[in-house]
Amino acid sequence: MAKLLYRLGKGAHRHRFLVVLIWLLVLVGSGIGAFTLGGETSSSMSIPGQESTTALERIQEKFGTGESAAARVVLQAPDGEKLPQHVQTITDLVTDASALQGVKSATNPLDPAAPSVNQDVNVGYSTVTYDAKPGEVTDDQRAELLKAVDKARAAGLTVEVSGTAMQEIPHVGGPTEAIGVVLALVVLALTYGSLVTAGMNLLSAGIGVGIGVLGITIATGFMDLQSTTPILASMLGLAVGIDYALFIINRYRQELRHGSDVGHAVGTAVGTAGSAVVTAGLTVVIALVGLAIADIPFLTQMGVSAAATIIVAVLIAITLVPAVLAMLGRRVLTRKERAAEAVEPKDRGVIRGWGNAITRHRLVALLLSVVALGIVSIPVASMDTTLIQRPPAGSTQERADQILAKGFGEGFNGPIVVLVEGDDAAAAATKAAEPIAKLSDVALVTPAQPSQDGQSAMLTVIPKSGPDSAETEQLVADLRAELAGLDGAKASVTGATAVSVDVATSLDRALPIYLAVVVGLALVLLVLVFRSLLVPLVGVLGFLLTIGSSLGATVAVFQWGWIADAVNLDGTGPLISLTPILVIGILFGLAMDYQIFLVSRMHEAHHRGAKPIEAITTGFRQAAPVVVAAALIMFSVFAGFVPAGEPTVKSIAFALAVGIFVDAFVVRMVLVPAALALIGERAWWLPKWLRWLPELDVEGTALDGLSEKKDEKEPVAVG
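Following my numbering, the numbering of the sequence shown begins with 136 at its first residue and continues without gaps.
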């Protein structure tokens, strides 16, 4: 692979202008395609074929509900008063809402035929239904509704608005994300000593993210993609895009400082660092595509979309980056470096001292790192997950939910729907309502609502507990058990709460299987890369500690509320169900990146004759500075998505930021070198029965001895 990539790098050097032109055309073409073909993303998280999802589709077919976005306008009378005392204000509000652009209907909470008020008649709600799907209601339409609500507020009522019509689809980009990018630029500038080189690194990553996200936008014109998909892809694409380019550029600068000409330096950088980039990128891609193991379509789409963006980042790192490096020539070096003779770069005192200290006190370093990460992992034992997303703190949606919970009960915000189908569905539903009402967590069961053809009927079950509580989750299971023996009809349990329970259950069931596959894949990959059994074992154990500490810290913050203000957390509660499996998949790929980049330099030194401790310190000294820079960049990018992040993205970004920090600075720079120092020469041992395995040559040893012929038309550095 090293020789193939070397030739690719040399080709990018020779045809540098053509390579840059091709990538620019791809970017422009992607933009045109996204503008002309792109559609909208979806906020739906359901699994086709599950009981809750199938029942929702049947309800839409039989009752004509479920597709349209709706706003729930919640009204509360002043203390000591009833809503009927404000009948004119309420009627005016309903009339105004009905006349708004895009509104199909608005119900009156005081309608005698279908009242929607509590027993005390001091809290009620109007359902405003739009002629649009959830996520398609515009900002202007929401603003018009809130303006109509203000009139009722001025008349003395407390009025708040919630519902699917108030949910905004998250978009890529924002001020906090920009802060992460700026921090990444600062780290790059300090690493290179050149703002031009840092800017080139960041720009190449930006092109990759742009192509990836625009490609996802094109895909939305042909399929429903979850709204988190482009955000996740941009977050990952930017982080790995910057890092992969950093590894190529860093090796290129090393080759120039060693006296290589530009053409050979480009080829060697792509052949050596590029080999590690391809291996690391392939690892991330496999981990993301492997999310299909969960057999959840929207999760598979998220994984495949992010994987496609990673592939673009790898291709840019091994083609566009070397082409631009060929254009810049020796200008990627500082003026002082360009003026100096070809010399080995000086050892960095802090890095050299750190590596020596870890290998000298290896047992203490190993024990301290394992114990510390074990303690941080403890909260994982109490991790709860849900798909129910709480509204932002202080928002009108949160206030609306609080009023409804106080007026109707905690479970009103998470109703469970029972669909009964059969020849006499209404009678069967009425019969089923009696035992349902006796279940311990049921607050109310509404009368059966039959369909027009009489073949279906709906019951709405209001739990006593909130939608994300363990009691409500158990109620879903109890309802299914109670209805399993319903005579003469088929009963299905559905609704947003039941869908959440079903998806969370599927994810929890898939998680250990996925983790086992990922760990197995890591072992196989690292055995192939390092031709060793103990090095992969150390790497995988370190990865498990990374996962534990990452999710442990996330539980402590998002579930327990520790340092909640520091991350601008709206409220505590269970983690979003997607968080554990996505974090495992993403961190697996990124952790293997650092394992490969760091340990491959140690392996290279050992391959060239260094003794075990010397190989560790030499490899550490060579690779640690760039790994530190890469980790700081990735941490900055992920952390930038936390303060103002959409709820699903916020917890994932936080977990990834913690995971990257822990993996780079504790696992790979303390635990791994300490463990390898303890193991000694045996770390690189491979049994005879495994020596038939192919050599991937990530270190690029096959390039040793290649000639360094000067390329024609080599760029001349100025200054």
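All C-beta atoms in this analysis are idealised placements derived from N, C-alpha and C, irrespective of residue type, glycine included.
Closest residue to residue 858 among 367, 402, 672, 370 (Cα-Cα distance): Since the first residue shown for the chain is 136 and the last is 854, residue 858 is missing from the structure and cannot be characterised.
Minimum C-alpha distance to residue 327 - residue among 467, 736, 494: 467
CB contact flag (residue 445, residue 375, <8 angstroms): yes
Coil, strand or helix - residue 737 by DSSP: helix
Residue 627 - containing beta strand (DSSP E), residue span: 625-629
Sequence-distant residues of its chain with Cβ nearer than 6 angstroms to residue 352 (five each side left out): 169, 173
Contacts around residue 283, its chain only, beta-carbon distance under 6 angstroms, and the 5 residues preceding and following it disregarded: 231, 232
For residue 207, the residue or residues it bridges with in DSSP: 262, 297
At least 3 beta-carbon pairs within less than 8 angstroms: the region 805-816 vs the region 403-416: no
C-alpha gap between residue 854 and residue 470, whole angstroms: The predicted position of residue 854 is uncertain, since its pLDDT is 38 and thus under 50; no value can be drawn from it.
Residue nearest to residue 247 in terms of C-alpha spacing, selected from 455, 239, 259, 452: 259
Residue 499 burial status per 10 Å Cβ neighbour count (16 or more: buried): exposed
contact_flag[the region 712-731, the region 526-537] where n(CB pairs < 8 angstroms) is 3 or more: no
Terminal residues of the beta strand (DSSP E) in which residue 595 lies: 591-598
Residue of 198, 747, 821 minimising C-alpha distance to residue 587: 198
Closest residue to residue 76 among 554, 786, 382 (Cα-Cα distance): Shown here, the chain extends from 136 to 854; a query on residue 76 therefore has no answer.
Residue environment, residue 670, which counts as buried when at least 16 other CB atoms sit within 10 Å: buried
Separation of residue 218 from residue 293, as counted between CA atoms: 11 angstroms
Best match in 596, 636, 579 for proximity to residue 604 [C-alpha to C-alpha]: 636
Residue 142, buried or exposed, once every other Cβ within 10 Å from all chains shown has been counted against 16: exposed
Residue 822 to residue 659 span [Cα, whole Å]: 14 angstroms
Where the alpha helix (DSSP H) through residue 471 begins and ends: 470-474
Check whether residue 158 and residue 342 have beta carbons under 8 angstroms apart: yes
Outcome for residue 278 when other beta-carbon atoms lying within 10 angstroms are tallied against a minimum of 16: exposed
At least three beta-carbon pairs within less than 8 angstroms, the region 646-666 to the region 433-449: no
Sheet register partners of residue 240 (DSSP bridge): 264
Residue 861 burial status per 10 Å Cβ neighbour count (16 or more: buried): Residue 861 is absent from the structure shown; the chain starts at 136 and stops at 854.
Secondary structure, alpha helix (DSSP H): runs of 4+ residues fully inside the region 640-726: 669-689
Buried versus exposed, by CB contacts within 10 Å (16 or more), residue 707: exposed
Simplified DSSP assignment, three categories, for residue 467: helix
Helix, strand or coil at residue 136 according to DSSP, with G and I counted as helix: coil
Residue 510 burial status per 10 Å Cβ neighbour count (16 or more: buried): exposed
Minimum C-alpha distance to residue 657 - residue among 502, 567, 419: 419
For residue 149, the three-state DSSP class (helix, strand or coil): helix
Boundaries (first-last residue) of the beta strand (DSSP E) holding residue 578: 577-580
Residues sharing a beta bridge with residue 521, DSSP: 711
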